Structures are given as structure tokens and as C-alpha cells.
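Protein chains in written order, with my numbering: chain E, 499 to 877; chain P, 499 to 877.
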């Protein structure tokens with residue numbers, strides 16, 4: 499039976515090929531250190547800088563990217579020796595994960611590497627705060643994604659819609675996932691997940707599970723021939739990467755329905771252009787074509803919503819809104835400048851869930867279909 | 499085609515029957531108020547008290563329950579008139595949800611009811627903090643669960659394993675859910691979700707998605723013939739209710755793998771006996787037979803774990819541990835008293851993920867199977 503055969507080795511040929519490439523990079527890093535040591539040169543690892551100052555806004559591509567600056571991490575430097583050894587320790591842990599054909603979490607890597615150095619009272623790592631940045635250093639210096647290093651994040655978010663995908667050999671029909679949906683895994687690379695059949699014409703991405711429930715209960719995806727996702731707030735890497743694959747491989751527009759507040763705007767910003775902290779992965783996570791459908795600052799008036807939808811902007815909201823308006827890609831964007839100004843002029847924010855004040859299914863039956871038909875969105 | 503037919507009305511006969519019962523209760527509440535008013539008596543609603551003092555530990559059943567105390571909510575009482583009207587307002591909103599055959603979130607109910615009373619400057623509700631307790635009042639006074647009132651919570655948690663279930667007419671084969679799993683919905687009542695086929699002999703419930711990933715990647719559920727769930731930390735209502743249904747209807751042992759810390763102990767306590775704030779729903783959510791497999795205070799020694807697994811207990815941990823030890827059902831339980839004392843004597847806590855220090859799959863290949871075989875758990 500196909501199932502039994504598949505379960506003896508769930509690791510695909512594509513995964514093995516990908517792993518071979520990553521392993522080569524890891525061994526290359528170690529070889530380089532060893533070669534330098536044997537030729538009596540100082541062992542050094544070159545680590546690209548992940549600072550704000552080394553983050554570049556690529557206007558043409560429409561994404562945040564990491565610049566060329568890098569720093570040498572030296573073994574024979576009292577300030578850097580510990581980090582140097584931590585880097586090699588994590589590289590060795592990752593090599594063992596890849597060889598075992600297994601994945602682990604950031605916390606798992608931390609525990610795996612944490613120990614007291616023999617004959618001393620010195621710990622390799624004391625807290626995970628020390629460990630995570632070293633992993634990011636490895637990602638950028640190897641040019642390998644976290645997922646390629648066999649590290650997963652927390653899973654969050656679900657999907658339903660007119661799509662069949664294959665996940666580790668299991669065929670998942672997202673049209674027949676009931677009220678629960680298919681849980682989006684943390685690692686959604688093409689060697690794990692393949693798209694098999696898709697009739698959907700766009701993706702509707704909503705902020706929260708409660709809103710997703712409304713759309714799924716009303717079978718919005720069936721009536722409007724789309725895919726429906728949420729990310730439980732700020733979408734985790736798996737959700738962002740899956741949305742990007744929907745955009746790039748299936749050529750589907752990604753339409754976001756988020757709250758009209760700085761947090762909603764920020765979520766959109768991260769989906770669209772990437773974040774500073776993960777700028778080195780923007781090319782794999784960002785979706786410059788993503789659209790912001792709503793909630794819009796004009797909606798209280800335009801949709802004739804009651805005053806009940808208004809939530810006063812706090813001082814902090816106002817501060818955040820101004821910060822976001824100054825983001826490089828928001829800065830030159832007239833539509834977004836007007837949008838944020840309008841929200842500030844209103845003095846209130848609005849949540850997607852507030853549309854229930856019109857009618858329980860106003861958001862699914864009227865608001866979203868009308869806006870999509872009119873192509874009334876920001877992008 | 500079956501699918502097309504199902505999609506025209508996804509509301510099952512069972513749901514309609516359940517809704518008819520709830521509607522009758524709602525209309526009864528309103529009739530009672532109207533009758534009192536028309537016969538010139540004072541309109542009063544009797545609300546069972548959800549306080550700590552009215553929470554009873556039922557030793558025989560092994561769950562926390564709500565006692566018999568109740569308080570009258572009067573219309574002609576300046577301190578209660580607003581709450582009285584809020585209660586009827588929410589009852590009316592819920593009636594409209596049931597009639598529309600739709601569900602909404604706590605936040606949705608809040609927005610639906612929020613407005614300025616005509617001709618005044620008085621709002622029905624100002625914040626959701628005011629709204630949620632009124633809904634709980636309705637739950638207890640009607641004797642109807644939140645799910646029966648058509649209110650869902652945030653979805654969290656996933657399931658895989660040797661089980662086929664039906665969710666709103668869609669058949670979900672939890673053996674073929676890849677790396678992502680089936681997302682556990684918020685409402686898992688028998689009219690929505692039916693169990694179709696189950697070979698599994700037990701349920702392994704783990705605390706976090708990252709640990710669940712390890713077990714799913716190692717196909718623990720296939721090798722050990724079980725169902726695998728997680729609840730993303732403290733499991734939400736949907737996950738607790740699903741576990742209870744696995745326990746009661748499928749007669750499966752629920753085996754919990756949680757951290758060895760007060761938070762892990764508390765999660766277990768809530769799964770097993772219910773919580774004070776939701777004591778009125780314990781009979782539907784609590785699982786007195788649930789077992790605590792680990793992590794155990796003895797494990798660092800017994801499993802020969804390195805010092806790397808130790809995380810010092812904070813002052814707050816020690817305080818919480820002592821509070822939990824004094825819980826009625828922990829109090830009379832020798833095993834649990836020893837367990838908590840042992841942890842306090844150790845002076846450190848341990849996480850499930852720390853078992854990676856032995857080997858990446860030690861937890862799935864050795865630890866859990868051995869403990870289950872030896873029936874080595876607390877209950």
C-alpha cells in the first residue's frame with residue numbers, strides 16, 4: 499500500500515538533495531576554519547551584519563534587504579572567542595539534525611548545545627537569548643534558510659479553500675477540511691509541500707482565527723473561489739512563506755483583511771516588504787504585490803457604520819502610526835500617507851470584527867466581495 | 499454530488515435540534531421577565547454565582563463544580579439595572595445568531611450589542627471586559643454552554659493520529675494530515691464533529707506545537723497507535739472538550755506530556771478537574787482520568803540527564819508550586835505532594851524539550867514509550 503511504503507521513509511528525494519547542499523555549506527565552514535588553523539592563520543568566520551544600518555530598502559524589488567556589511571568573528575579575540583565557539587557548536591548540532599533527517603525548534607537547538615565545558619565552570623550557553631542570534635548568524639553566513647538548517651518555529655494559522663496540496667506525501671484537500679481547517683506547518687518548503695490542484699483565483703488572508711471562522715462558516719472561499727488563511731495575529735514564518743508560494747508559484751493575488759490600526763498596518767508591512775530583523779530572508783518571505791483591502795479609515799463613513807465601531811487611538815497608537823508612515827516604502831506612497839493621516843484625523847481605530855454591527859455576515863457577503871470587485875485596495 | 503448538496507445547508511439535523519432547545523431556554527428567560535412585568539411584579543433574573551466561594555470540589559466525581567448559590571439581578575435596582583438590561587441585550591443577540599444559524603466570537607457579541615442608548619449618552623457596553631461576564635451569566639442561568647449559545651473562542655491546537663472524524667460533513671483522515679495536522683476548531687460538539695473510525699488505544703496530549711512537531715515527525719502516533727494533540731500552551735476550550743470526548747466516547751486514556759514546572763502542573767490540573775472560572779462547565783470539559791506522564795521531578799536523575807536541563811525555580815515558581823500543592827485535589831494526593839516537594843527540593847524545573855540533550859528522538863523513542871509501558875504516571 500502506498501501509505502505503508504511512504505511511512506518507512508517520509509523524506510523526499512528533493513529534501514535529500516536540498517540537505518546535501520546545506521551539508522556542503524556547513525562542512526565548508528568547518529573546513530575553512532580547520533584550514534586556517536592548520537596553516538597557522540587566525541581562524542575567522544565572516545558574519546554579515548543584521549543591523550538596521552545594514553538594512554536596505556530595495557525600491558525596485560519592493561522589499562527590505564540586507565546590505566553587504568559584515569564583521570569578522572575571530573577565535574583569538576577575547577571578546578569574540580565565546581561566540582566563535584558557539585557558532586561552531588550550533589553548526590555541529592545542525593549537521594547532526596540534517597544527518598538524522600530530523601528537525602527541531604530554536605529551543606531544541608539551545609538545549610542540544612547547552613552544557614558545561616569539560617574541566618571548567620563555563621557554560622556554552624546560559625539562556626536561549628544567547629543562542630537564537632548565533633543561529634541567525636549561521637543562516638546569513640551560510641546563506642541557508644532556517645528551514646534548510648532543519649529548524650522549525652511554532653505552528654500557527656490554518657487554511658481552507660479551493661486547493662489540493664501534498665504534505666509529506668499525504669494529499670490534503672483544503673475544500674474538505676470542515677470547520678477546523680488544515681494547520682499550516684512551520685516548514686512549507688517545496689520539498690515538503692507541493693501544490694497539486696488549485697482553482698482558486700485569489701487568497702484572502704485575515705488577521706485572526708475568529709475572523710477566519712466567520713469566513714469559513716459562510717463558506718466564502720467556495721462562493722468566491724479562493725483560498726482562506728489566517729496567521730493568528732502577526733503571521734509566523736510558515737504562513738508568510740506559504741502565502742509567498744501562493745503568490746509566486748500559483749500567481750494568486752494575496753489580499754489582506756486586517757484591522758485599521760497601527761498593528762494591522764504593521765502586519766501588512768511585514769507581509770509585503772519583510773521586517774528589519776529578518777531582512778536577510780525577505781526574498782523568500784516578502785510579497786511586494788500583497789494588497790491591503792481593509793479595514794480602511796474611510797469605512798466608518800462609507801459603510802455607514804455606527805459609532806460603536808470606534809476605538810479611540812491611544813498615545814502609543816499615534817506614535818506607532820507616525821513611525822509606520824515614515825517607513826521607507828510607506829513614505830513615498832501617497833495612498834498610504836493619506837490612509838494613515840485619515841486614521842489619525844478620525845482619532846479612532848477599527849477592527850474587522852466591528853463590521854458585525856451592520857450584520858453578522860456583512861463582512862463576508864457585502865464588504866469583501868464589493869471591495870474586491872471594485873479593486874478598492876491599497877498596495 | 500454529495501459535496502454540493504452538503505454545502506447548500508451545512509447545518510445538521512442534530513444542530514437544529516440542539517438549537518431548538520437553546521432557543522426555548524432563551525425565550526423562556528424573556529417570557530419570564532415579560533410575565534413578571536405584565537403582572538406588575540418586579541422583573542428579576544436569577545444568576546448562579548461564579549465566585550470562588552461557590553466553587554465546590556466534588557471528590558467523588560473528581561471535578562470542580564459550581565455550588566447552588568445564586569443572586570437576583572433586579573431591574574428596579576440602581577446598582578443592577580444596567581446589568582439587567584445588558585443580560586437581556588446579549589440574550590437577544592444570541593437569539594439572532596441561533597436564528598441565522600451562525601456563530602460568532604466573544605468580541606463579535608460585544609460589538610453586536612455595543613451602542614449608545616437612543617436619546618441618551620449612555621453606552622450599552624463600553625469595553626469587552628463588561629460584556630464577557632454577562633455572557634457567562636447567561637451560560638449559567640440558562641444552563642447552556644457557550645458553544646450552544648453560538649459563541650466560539652480562538653482556535654488553537656492540532657491533531658493527527660489513527661482516527662477518522664467528520665467535521666460538518668467533511669471526512670477528515672487524521673492519519674493523512676502530513677506535517678501540519680488538522681486544526682482543532684473551537685466548537686467540537688457532537689452535532690458538528692462525529693468520530694467515524696478509531697484504532698488508537700490512547701491519546702498523547704503535549705503542551706506545545708514544537709513538541710507536537712517532534713512526535714509527528716517521528717510518526718509516534720503510527721508506531722504507538724494513538725492520537726496526538728497539542729493545545730498551544732494552556733489548551734483552549736475546543737481542545738479540552740475534544741479530549742474529553744475522546745475520553746468519554748472513545749474510552750481512550752488521555753496521557754499528558756507537560757513541563758515539570760508550576761505552569762505544566764496547572765495545565766494538567768485544568769485538563770483534569772476544571773478551573774474555578776469555568777467550574778460551571780467542568781462536567782463538560784474536565785477529564786478526571788487524565789494522566790500526567792511527565793516531565794517528572796525524578797527524571798534528571800532517573801534518565802541520567804545532564805545539568806543543562808536544569809532551570810532554576812524563581813521565587814514566583816516556588817510560590818505557585820505551593821499554591822498548586824494546596825489545591826483540593828492535589829492536597830489529598832500523596833503522589834502529587836511528593837512530586838511537587840521533589841521539584842521544590844531539586845530547586846529546578848525542566849521542560850519537555852530539554853530531553854533533546856540525550857538525543858533528538860529520545861523523548862519519542864524511549865522516554866514516552868517506556869513510561870507508558872510501565873504505566874509510570876501520576877493521576
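Think of the CB as a built atom: it goes at the ideal place given N, C-alpha and C, for glycine as much as any other residue. Bear in mind the structure is a predicted one, so any value in this text is a computation, not a measurement.
Span separating the alpha-carbon of residue 526 of chain P from that of residue 512 of chain P: 21 Å
Alpha helix (DSSP H) segment containing residue 613 of chain E, residue limits: Per DSSP, residue 613 of chain E belongs to no alpha helix (DSSP H) and is neither H nor E.
Under 8 Å by beta carbon: chain E residues contacting residue 739 of chain P: Simply none; closest approach about 13 Å.
Interfacial residues, the stretch 595-616 of chain P to chain E, with Cβ spacing under 8 Å: 595, 598, 600, 601, 602, 603, 605, 606, 609, 610, 612, 613 and 614
Environment of residue 571 of chain E [buried if 16+ CB atoms lie within 10 Å]: buried
Unbroken stretches of the alpha helix (DSSP H), 4 residues or longer, contained in the stretch 752-792 of chain E: 760-771 and 780-783
Residue 570 of chain P, enclosing beta strand (DSSP E) - first and last residue: 568-572
Per-residue DSSP class, three states only, for residue 601 of chain P: coil
Residue 627 of chain E at chain P interface by Cβ criterion, 8 Å: no
Coil, strand or helix - residue 680 of chain P by DSSP: strand
CB contact flag (residue 685 of chain P, residue 736 of chain P, <8 Å): yes
Chain E residues whose Cβ lies nearer than 8 Å to that of residue 858 of chain P: 594, 595, 598, 600, 602, 606 and 610
At least three beta-carbon pairs within less than 8 Å, the stretch 629-641 of chain P to the stretch 584-601 of chain P: yes
Which of helix, strand or coil DSSP assigns to residue 500 of chain E: The predicted model places residue 500 of chain E with a pLDDT of 38, which falls under 50 and marks its position as unreliable; any figure quoted below should be read in that light. Here residue 500 of chain E sits in helix by DSSP.
Alpha-carbon to alpha-carbon, residue 580 of chain P and residue 592 of chain P: 18 Å
Residue of E:682, E:699, E:732 and E:774 minimising C-alpha distance to residue 871 of chain E: E:699
Boundaries (first-last residue) of the alpha helix (DSSP H) holding residue 631 of chain P: 626-640
CA-to-CA distance, residue 630 of chain E to residue 733 of chain E, given in whole angstroms: 19 Å
Within chain P, partners of residue 589 of chain E - CB distance below 9 Å: Per Cβ cutoff of 9 Å: no residues; residue 589 of chain E is ~16 Å from chain P at best.
Residues bridged to residue 657 of chain P (per DSSP): P:680 and P:727
Alpha-carbon to alpha-carbon, residue 625 of chain P and residue 573 of chain P: 22 Å
Three-pair Cβ contact test at 8 Å for the stretch 855-866 of chain P versus the stretch 595-609 of chain E: yes
C-alpha gap between residue 605 of chain P and residue 778 of chain P, whole angstroms: 21 Å
Distance between beta carbons of residue 520 of chain E and residue 646 of chain E, contact taken as under 8 Å: 5 Å
Contact check, residue 845 of chain E vs residue 810 of chain E, beta carbons under 8 Å: yes
Integer Cβ distance of residue 796 of chain E from residue 785 of chain E, believed to fall under 8 Å: That pair is no contact at about 24 Å.
Listed by chain order, chain P residues near residue 735 of chain E by CB distance under 8 Å: By Cβ distance, chain P contributes nothing, its closest Cβ being about 13 Å from residue 735 of chain E, past 8 Å.
Residue-level contact to chain P via CB, residue 812 of chain E, 8 Å cutoff: no
Proximal chain P residues relative to residue 650 of chain E, where beta-carbon distance stays under 8 Å: 708 and 711
Endpoints, the alpha helix (DSSP H) within which residue 513 of chain P is located: 511-536
Buried or exposed (CB count within 10 angstroms, at least 16 for buried), residue 819 of chain E: buried
Limits of the alpha helix (DSSP H) - the one that residue 822 of chain E falls within: 813-823
Residue range of the beta strand (DSSP E) that includes residue 893 of chain E: Residue numbering for chain E in the displayed model covers 499 to 877; residue 893 of chain E lies beyond these limits and cannot be assessed.
Sequence-distant residues of the same chain with beta carbon closer than 6 Å to residue 534 of chain E, five excluded per side: 541
Interfacial residues, the stretch 684-702 of chain E to chain P, with Cβ spacing under 9 Å: 684, 685, 686, 690 and 691
Residue 545 of chain E and residue 510 of chain E closer than 8 Å at C-beta: no
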